[in-house]
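Heads up: the sequence lines are chains W and R, in that order. So the first sequence is numbered by the UniProt record's numbering: it starts at 1 and just counts up by one. So the second sequence is numbered by the UniProt record's numbering: it starts at 1 and just counts up by one. Below is one structure, written out as structure tokens; comments come after it.
2 protein chains.
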Amino acid sequence: MENILEYLESNRLSELKNILNEENPVDIAEHFENLSKEKTILVFRILQKDTASEVFSYLSSEKQEEIIESITDEELKRILDELFLDDTVDLIEEMPANIVDKILKNSSSETRKLINQFLKYPENSAGGVMTVEYVSFKNDMTIGQALSYFKNVGMNKEDTDICFVIDKTRHFLGIITLKQLIIVEDDVPLVDAMDTSIPTVNTLDDQEEVADLFRKYDYNSIPVVDNENRLVGLITIDDVVDVIDQENTEDFHIMAAMEPSNEEYLRESIFSLAKHRIIWLLVLMISATATGIIIRKYESVLQSVVTLAIFIPMLMDTGGNAGSQSATLIIRGLALGEIELKDIGKIVWKEFRVSILVGIVLALVNFLRIYYIDQVGFTIAMVVCFSLLITVIIAKVVGGSLPIIAKALKLDPAIMASPLITTIVDACALAIYFQLSSHFLNLVS
Amino acid sequence: MENILEYLESNRLSELKNILNEENPVDIAEHFENLSKEKTILVFRILQKDTASEVFSYLSSEKQEEIIESITDEELKRILDELFLDDTVDLIEEMPANIVDKILKNSSSETRKLINQFLKYPENSAGGVMTVEYVSFKNDMTIGQALSYFKNVGMNKEDTDICFVIDKTRHFLGIITLKQLIIVEDDVPLVDAMDTSIPTVNTLDDQEEVADLFRKYDYNSIPVVDNENRLVGLITIDDVVDVIDQENTEDFHIMAAMEPSNEEYLRESIFSLAKHRIIWLLVLMISATATGIIIRKYESVLQSVVTLAIFIPMLMDTGGNAGSQSATLIIRGLALGEIELKDIGKIVWKEFRVSILVGIVLALVNFLRIYYIDQVGFTIAMVVCFSLLITVIIAKVVGGSLPIIAKALKLDPAIMASPLITTIVDACALAIYFQLSSHFLNLVS
């Protein structure tokens with residue numbers, strides 16, 4: 001459709017209604033983001049009842065708030081009835097207190113109880129991600145009975161390809177795919193057709209572990225159970241995609257020395273942006289003092305041969321880059337579960353050999369450049385290149401091992417990324433550089 | 001199960017067989033990785049026929065090669081018959097020539113044709129990721145007819161929650177979920193129950209665009225069509241999780257100045273690791289020359305007040321960190337589709353204000369530290385802190401805008417990450433520092 005505003009201005013509402021009802025709810029929701037509050041309500045009210053709740057679940061929280069404020073209790077009740085519980089919980093977590101009151105007032109007492117239950121799960125746990133709109137069958141049913149039951153209750157449940165089999169005390173027994181339900185003969189007992197090899201997760205499991213399970217087993221849904229193995233929910237892989245995006249964003253932020261934020265950049269205030277950045281900048285700025293102290297210690301060396309200062313940036317940058325390459329590979333390997341703590345020996349040995357290869361090439365190229373092109377004296381050129389080689393070796397071994405050590409200490413390996421490695425490697429690089437300089441140039445430090 | 005080797009050594013094969021056939025194929029595949037070649041074949045042969053192919057698809061390519069080498073043509077044929085076409089294509093892409101010959105020899109001529117078709121799709125395209133084991137119904141069927149058809153053909157198809165509706169020339173018309181198939185009355189025409197609002201992708205679309213579609217719409221599967229809108233395949237969200245992991249790994253690698261690699265770190269040779277790192281290290285090392293030239297230009301300033309050198313690492317590091325924070329936020333925002341080219345003005349203005357906030361705090365803390373604790377002279381302390389403020393502002397504005405500019409130039413924004421930003425910011429920082437120093441300390445450069 002071309003422009004929703006044109007329809008509104010020329011008052012062709014029934015035409016607009018027909019066009020909107022053909023569209024995907026995700027796309028309809030997008031139209032709303034550019035409408036004024038008044039027009040938002042107008043357009044929202046012409047949507048079909050069942051489409052309206054789905055569109056509502058895809059709106060930004062600002063738009064949701066506008067709508068809830070303006071509609072009647074009757075209308076709100078109808079939306080809440082259709083909304084999946086996990087969407088209602090997300091809504092409550094985003095809304096200000098007066099809106100939350102209006103939502104709770106218009107929810108059934110049963111829904112309110114479930115909402116309370118949900119709000120108790122830790123933010124990044126399986127319980128916080130799961131949905132409760134699944135279909136479960138009792139273990140004494142046949143395929144045919146399960147099919148009839150599904151015809152009755154399936155409509156308002158999450159779109160998924162599996163249902164669950166439970167015993168009479170709700171203990172989880174296995175899954176049955178919709179495909180099996182259709183294909184297997186009606187008189188076969190459910191328990192004979194179900195798959196019992198599917199892994200389950202506990203409500204309190206971390207969402208990152210859940211994502212790893214989805215990566216390992218190619219299922220589209222995984223059951224969530226409580227400590228007594230009773231079925232309480234279902235996690236679908238489309239929620240896991242959000243989890244993976246969120247966890248990756250966190251790693252990117254931490255690796256660039258920021259406190260992670262899930263707010264979209266363009267929506268975040270400048271104070272919030274500054275707050276997330278300042279702590280690490282301060283910490284790293286003060287840590288860089290160590291490098292300053294090393295220079296101060298060798299001030300007389302620098303005074304005698306001030307040319308030495310020319311190569312400080314090159315040494316620092318190359319060391320930092322070499323270290324952050326190694327750290328990034330290891331941090332990523334740990335995040336994807338490809339690297340484990342016990343691999344530290346292998347990693348150090350591998351990084352050591354790689355650093356010698358890389359370091360020799362860099363040192364040779366650098367020697368050719370500064371000796372033949374920049375016409376620096378032979379001894380200084382040798383000192384610079386030898387410092388470069390040692391710096392690269394230290395950078396890669398430190399960069400490769402610190403993330404593993406962080407993991408062993410139960411810290412997030414991502415903090416051992418470029419900024420911290422750079423600070424550490426800088427100090428080492430300059431200490432080596434000045435030590436070699438004062439030795440080979442016969443200077444007194 | 002405790003240890004597969006114990007069963008083998010005590011020759012309790014039928015016991016092992018029973019235990020393995022209860023396990024999830026993914027877990028069975030894991031056991032193989034620690035077995036010798038001889039034992040691999042032995043255990044593989046005791047698996048049930050249908051489990052064997054599934055386990056095979058989860059093995060590492062080394063194990064797959066061992067098995068194909070050792071089994072008979074008959075056995076290989078049976079595995080290939082059960083394997084999904086996309087798994088066969090992956091297999092062919094990984095295997096050496098003699099194994100590929102053995103595979104093709106034992107595939108049906110129809111499969112060989114399809115394999116050839118698949119191998120023609122670009123590596124990171126929708127065609128390369130899709131599967132062809134989907135179920136499609138003709139548009140003149142009723143729900144009941146579709147159900148009977150599904151019962152006949154569904155068994156060997158990919159596990160998914162949707163089927164497709166096509167016309168007699170295979171043009172894609174819409175989807176029907178298994179849920180709808182079960183719930184809707186048998187005499188309803190398919191075309192009345194199908195959903196036509198689902199987006200499709202073209203075989204040649206980039207896999208990253210496909211992942212974005214899955215992110216936006218909460219579908220578990222998306223149809224793949226050719227240029228004439230004829231249905232050719234299906235992409236399921238579990239394949240998209242692999243794509244997302246792969247694209248993120250690429251971004252992490254590029255942002256740490258490496259050529260991206262999809263090989264697991266521990267499996268990659270040291271020469272391959274070195275090769276992926278050396279180019280960028282060389283480029284950045286040579287770029288750092290610019291910073292060296294600036295120092296050389298101001299050599300006499302540094303000669304007069306060698307103390308100035310003490311603050312070079314702090315200025316360079318802080319500038320680099322401030323810039324990489326901004327660059328990372330923008331690169332990530334672009335990757336998730338939250339930021340677009342047209343936002344560049346907003347971003348520069350936002351980064352400018354954030355940088356002033358952050359820069360003032362950093363400069364103040366730094367002044368307190370170097371003036372009161374390090375007892376540096378007032379003028380030098382002022383010059384250092386003022387340089388710091390300007391460096392942070394430049395770093396954040398450059399860091400925030402370069403990824404957008406890269407995107408506008410059709411380059412990967414991820415190259416504008418920490419290493420490149422650091423190199424650029426270093427040169428600016430030092431130029432400002434020495435310029436301010438020579439001005440305020442009345443030195444001649």
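Ideal placement from N, C-alpha and C gives every residue a C-beta, glycine not left out.
W:I394 versus chain R: which residues are under 9 Å apart at the beta carbon? Working through the first sequence from its first residue, we reach residue 394 of chain W at position 394. Within 9 Å Cβ-Cβ: nothing; W:I394 doesn't reach chain R, min ~15 Å.
Using a Cβ-Cβ distance cut-off of 8 Å, determine whether W:S14 contacts chain R. Reading the first sequence from its first residue, position 14 is the one you call residue 14 of chain W. The beta carbon of W:S14 does not come within 8 Å of any beta carbon belonging to chain R, so the residue lies off that interface.
Give the secondary structure of R:N98 by DSSP, where H, G and I count as helix, E and B as strand, and everything else as coil. The residue you call residue 98 of chain R lines up with position 98 of the second sequence. When secondary structure is reduced to three states using DSSP, R:N98 falls in the helix class.
How do the stretch 119-134 of chain W and the stretch 138-148 of chain R stand: do at least 3 beta-carbon pairs fall below 8 Å, yes or no? They do not touch, by the three-pair rule.
By the criterion of Cβ-Cβ separation under 8 Å, what are the contact partners of R:G154 in chain W? Your numbering for residue 154 of chain R matches position 154 in the second sequence. Under the 8 Å cutoff, chain W gives K179, I182, I183.
Counting only beta-carbon atoms, is R:M258 nearer than 8 Å to chain W? Residue 258 of chain R sits at position 258 when you count from the first residue of the second sequence. Interface residue, yes.
With a 10 Å radius around its C-beta and 16 neighbouring C-beta atoms as the bar for buried, classify R:R12 as buried or exposed. In the second sequence, residue 12 of chain R corresponds to position 12, counting from 1. So R:R12 ends up on the exposed side.
Cα-Cα separation, W:S272 to R:V201: On the first sequence, position 272 is the one that residue 272 of chain W refers to. On the second sequence, position 201 is the one that residue 201 of chain R refers to. Each residue's alpha carbon lies about 38 Å from the other.
Counting Cβ pairs closer than 8 Å, one from the stretch 321-329 of chain W and one from the stretch 317-324 of chain R, do we hit at least three? With a cut-off of 8 Å on Cβ pairs, the stretch 321-329 of chain W is not in contact with the stretch 317-324 of chain R, counting fewer than three such pairs.
C-beta neighbour in chain W for R:Q48, strict 8 Å: As a working note, residue 48 of chain R is residue 48 in the second sequence. Among the CB atoms of chain W, none fall inside 8 Å of the CB of R:Q48.
Excluding the 5 residues preceding and the 5 following W:A193 in the sequence, name in chain order all residues of the same chain whose CB lies nearer than 8 Å to its CB. In the first sequence, counting from the first residue as 1, residue 193 of chain W sits at position 193. Correct list, in chain order: I143, I176, Q180, V184.
Would you decide whether W:K105 is buried or exposed? Buried here means 16 or more other CB atoms lie within 10 Å of its CB. Here residue 105 of chain W corresponds to residue number 105 of the first sequence, with the count starting at 1. Exposed, by the Cβ-count rule.
Return the chain-ordered ranges of every beta strand (DSSP E) run that is complete within the UniProt domain "CBS" (130-193) of chain R and spans a minimum of 3 residues. Within the UniProt domain "CBS" (130-193) of chain R, the complete beta strand (DSSP E) segments at least 3 residues long are 136-138, 162-166, 172-177, listed from N- to C-terminus.
W:V305 by DSSP, collapsed to three states: which one? What you label residue 305 of chain W is simply residue 305 of the first sequence in a count that begins at 1. Coil, per DSSP.
Under 6 Å Cβ to Cβ from W:S221, same chain only, skipping five residues before and after it: list those, please. The sequence position of residue 221 of chain W within the first sequence is 221, counting from 1. Closer than 6 Å at Cβ, skipping near neighbours: T160, I162, L234, T236.
How big is the Cα-Cα spacing for R:N3 and R:E38? Reading the second sequence from its first residue, position 3 is the one you call residue 3 of chain R. Reading the second sequence from its first residue, position 38 is the one you call residue 38 of chain R. Rounded to whole angstroms, R:N3 and R:E38 show a C-alpha spacing of 17 Å.
Nearest to R:E417 by CA position, among R:V354, R:A256, R:E209, R:V26, is which residue? As a first step, residue 417 of chain R must be located in the second sequence, where it is residue number 417. Strictly speaking, residue 417 of chain R in this sequence is Ala, with Glu absent from that position. Residue R:A256 is the option with its Cα nearest to R:A417.
Run through DSSP, which three-state label would W:G337 get? Locating residue 337 of chain W in the first sequence gives position 337, where the first residue counts as 1. Three-state result, W:G337: coil.
According to DSSP, which residues form a beta bridge with W:L231? Translated into the one-based positions of the first sequence, residue 231 of chain W becomes position 231. According to DSSP, which records beta bridges pairwise, W:L231 is partnered with W:V225.
Cross-chain neighbours of W:K346 in chain R, by beta carbon under 8 Å: Here the question's residue 346 of chain W lines up with position 346 in the first sequence. Chain R residues near W:K346: L266.
Residues that DSSP places opposite R:D195 in a beta bridge: Residue 195 of chain R sits at position 195 when you count from the first residue of the second sequence. When beta bridges are read from the DSSP output, R:D195 appears opposite R:I175.
W:E263: contacting residues in chain R (beta-carbon distance under 7 Å): Numbered from its first residue, the first sequence carries residue 263 of chain W at position 263. Near W:E263 there are no residues of chain R at all, since even the closest Cβ is about 10 Å away, more than 7 Å.
If distances are taken between C-alpha atoms only, which option among R:A126, R:L83, R:L441, R:R277 comes closest to R:S300? Sequence index remark: in the second sequence, residue 300 of chain R carries index 300 (1-based). R:S300 has its Cα closest to that of R:L441, out of R:A126, R:L83, R:L441, R:R277.
Comparing C-alpha positions only, which one of R:E54, R:I68, R:I312 sits nearest to R:D101? Mapped onto the second sequence, residue 101 of chain R falls at position 101. Looking from the CA of R:D101, the closest CA among R:E54, R:I68, R:I312 belongs to R:I68.
R:P96: buried (16+ other C-beta within 10 angstroms of its C-beta) or exposed? Residue 96 of chain R sits at position 96 when you count from the first residue of the second sequence. Exposed is the label assigned to R:P96, since fewer than 16 other Cβ atoms lie within 10 Å of its Cβ.
Which residues share a DSSP beta bridge with W:T236? Numbered from its first residue, the first sequence carries residue 236 of chain W at position 236. Partner(s): W:S221.
Does the beta carbon of R:R215 come closer than 8 Å to any beta carbon on chain W? In the second sequence, the residue the question calls residue 215 of chain R occupies position 215. Judged by the 8 Å Cβ criterion, R:R215 is in contact with chain W.
With DSSP as the reference, please indicate the residues paired to R:N202 in a beta bridge. For this step, residue 202 of chain R is matched to residue 202 along the second sequence. R:N202 is bridged to R:V225.
Given that R:F84 touches chain W, what residues does it touch there, using C-beta distances under 7 Å? The residue labelled residue 84 of chain R in the question sits at position 84 within the second sequence. Result: empty, since nearest Cβ-Cβ is about 11 Å, beyond 7 Å.
Sorted by chain position, which residues of the same chain lie with C-beta nearer than 6 Å to W:T40's C-beta, five sequence neighbours on each side aside? Residue 40 of chain W sits at position 40 when you count from the first residue of the first sequence. Result list for W:T40: F32, E66, in chain order.
Alpha helix (DSSP H) segments (min. 4 residues) lying fully within the stretch 360-432 of chain W: DSSP runs (the alpha helix (DSSP H)) wholly in the stretch 360-432 of chain W: 378-408.
Proximal chain W residues relative to R:G174, where beta-carbon distance stays under 9 Å: As a position in the second sequence, residue 174 of chain R is number 174, starting the count at 1. Against R:G174, chain W offers no close residue; the least beta-carbon distance is about 12 Å (beta-carbon pairs closer than 9 Å).
Tell me which residues share the same chain as R:I347 and place their Cβ nearer than 8 Å to its Cβ, disregarding the 5 neighbours each side in the sequence. Taking the first residue of the second sequence as position 1, residue 347 of chain R is located at position 347. In its chain, beyond the 5 residues on either side, I330, I339, G400, S401, I404 have a beta carbon closer than 8 Å to the beta carbon of R:I347.
Can you tell me the Cβ-Cβ gap for W:I295 and R:A309, rounded? I've got them flagged as a contact below 8 Å. Indexing the first sequence from 1 puts residue 295 of chain W at position 295. Indexing the second sequence from 1 puts residue 309 of chain R at position 309. Between R:A309 and W:I295 the Cβ distance is about 5 Å, and since that is below 8 Å, they are a contact.
Using only the alpha-carbon positions, how far apart do R:L190 and R:H276 sit? The sequence position of residue 190 of chain R within the second sequence is 190, counting from 1. The sequence position of residue 276 of chain R within the second sequence is 276, counting from 1. Take the alpha-carbon of R:L190 and the one of R:H276: they are about 53 Å apart.
Using a Cβ-Cβ distance under 8 Å, would R:M1 count as near chain W? Residue numbering aside, residue 1 of chain R sits at position 1 when the second sequence is read from its first letter. Interpretation of R:M1 is limited by its pLDDT of 48, a score under 50 that renders its predicted location unreliable; no figure is taken from the coordinates.
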